[in-house]
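S.K.: Sharing a structure here in structure tokens format.
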Amino acid sequence: MSHNVYIKRTKINAPVEKLFAWHARDGAISRLTPPWAPMKMISRSCGGIHKGVKIVFRLSLFKIPMVWEAEHIEYQENKVFIDRQIKGPFSKWKHTHTFIPDGKENSIMEDRVEFKLPFGFLSRPFYGLAKKEFNRMFNYRHRVLKYDLEHYVDKISKKKILVSGASGTIGSILVPFLKTCGHDV
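Residue numbers (the working numbering): 1 to 185.
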């Protein structure tokens, strides 16, 4: 099996420039990581989503700890950025984030993931499970993105906010939300 493709598209009631800029904000990756996902960002070479940015995550699959290293390999402002796995749980992972204008005030967010599971033919029975989990994860991501952009981003005045307990359960969810809304946290 060469590789599989998963695609998720959602219409967002926000201009493509705002949608793209949201992804470049500090906190976007944490905001888009589902609460059930056993994944935590542990380092980032620099901010933003430009070509060359490297991100390292710690995750656990079936109670096995591992590292996932990804690199942004393409960037076209307000159009697309692509990341690929350098090291991690997949034999292949290429994630294309495409931003499509839909009139002046709307856009289409498309996530396209080309992936290949490890262990060759032994992985065949798990492709359905992987796609089911991708569907769950990207439904969450698109729901969060749509809600934030349509209800909060650029709709409230920017504040400087200090969060006590920022690394706790509530703070670790609140801080990325506030940052992607444009606040200085």
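A virtual CB, placed ideally from N, CA and C, is assigned to each residue, including glycine.
Pull up the distance between the alpha-carbon of residue 119 and that of residue 27, whole angstroms please.
M.R.: The residue given as residue 119 occupies position 119 in the sequence shown. The residue given as residue 27 occupies position 27 in the sequence shown. Near 34 Å, if we compare the C-alpha coordinates of residue 27 and residue 119.
S.K.: Can you say whether residue 173 is buried or exposed, counting buried as having 16 or more other CB atoms within 10 angstroms of its CB?
M.R.: By one-based count along the sequence shown, residue 173 stands at place 173. Answer is exposed; the Cβ neighbour count stays below 16.
S.K.: Do you know how far the Cα of residue 137 is from the Cα of residue 71?
M.R.: To locate residue 71, count along the sequence shown from 1; it is residue 71. To locate residue 137, count along the sequence shown from 1; it is residue 137. Each residue's alpha carbon lies about 20 Å from the other.
S.K.: Assuming contact is defined by CB atoms lying nearer than 9 Å, are residue 14 and residue 105 in contact in what I supplied?
M.R.: The residue given as residue 14 occupies position 14 in the sequence shown. The residue given as residue 105 occupies position 105 in the sequence shown. Contact: yes.
S.K.: Just reading off the beta strand (DSSP E) that residue 20 is part of, what are its end residues?
M.R.: Residue mapping note: residue 20 aligns to position 20 of the sequence shown, counting from 1. Careful: residue 20 lies outside any beta strand (DSSP E), inside the alpha helix (DSSP H) at 16–24.
S.K.: Give me the DSSP bridge partner(s) of residue 98.
M.R.: Working through the sequence shown from its first residue, we reach residue 98 at position 98. Paired residues: 80, 110.
S.K.: Quick one: residues in its chain with C-beta nearer than 6 Å to the C-beta of residue 83, no 5 flanking neighbours on either side, listed in chain order?
M.R.: In the sequence shown, the residue the question calls residue 83 occupies position 83. Contacts found: 70, 72, 95.
S.K.: Considering only residues of the same chain and omitting the five flanking positions on each side of residue 19, which have a CB-CB separation below 7 Å?
M.R.: Translated into the one-based positions of the sequence shown, residue 19 becomes position 19. Closer than 7 Å at Cβ, skipping near neighbours: 12, 99, 107, 109, 149.
S.K.: DSSP state of residue 151, grouped into three classes?
M.R.: Residue mapping note: residue 151 aligns to position 151 of the sequence shown, counting from 1. Three-state DSSP puts residue 151 in a helix.
S.K.: Please state whether DSSP places residue 61 in a helix, a strand or coil.
M.R.: Mapped onto the sequence shown, residue 61 falls at position 61. Strand.
S.K.: Which residues in the same chain have their Cβ closer than 8 Å to the Cβ of residue 183, if we skip the five residues on either side of it in sequence?
M.R.: One-based indexing of the sequence shown puts residue 183 at position 183. Close CB contacts of residue 183 within its chain, under the 8 Å cut and outside five residues either way in sequence, are with 158, 159, 160, 161 (chain order).
S.K.: Can you tell me where the alpha helix (DSSP H) with residue 31 in it begins and where it stops?
M.R.: The count along the sequence shown starts at 1 and reaches residue 31 at position 31. Membership of residue 31 in the alpha helix (DSSP H) is indicated by the continuous run 28–32.
S.K.: Where does residue 40 fall in DSSP's three states?
M.R.: The sequence position of residue 40 within the sequence shown is 40, counting from 1. Residue 40 sits in a strand when the DSSP states are folded into three classes.
S.K.: Nearest-angstrom Cα distance between residue 21 and residue 60?
M.R.: For the purposes of this step, residue 21 is identified with residue 21 of the sequence shown, where counting begins at 1. For the purposes of this step, residue 60 is identified with residue 60 of the sequence shown, where counting begins at 1. One alpha carbon belongs to residue 21, the other to residue 60, and they sit about 30 Å apart.
S.K.: On the CB-based measure, 16 or more other CB atoms within 10 Å of its CB, does residue 117 come out buried or exposed?
M.R.: Taking the first residue of the sequence shown as 1, we reach residue 117 at position 117. Classification for residue 117: buried.
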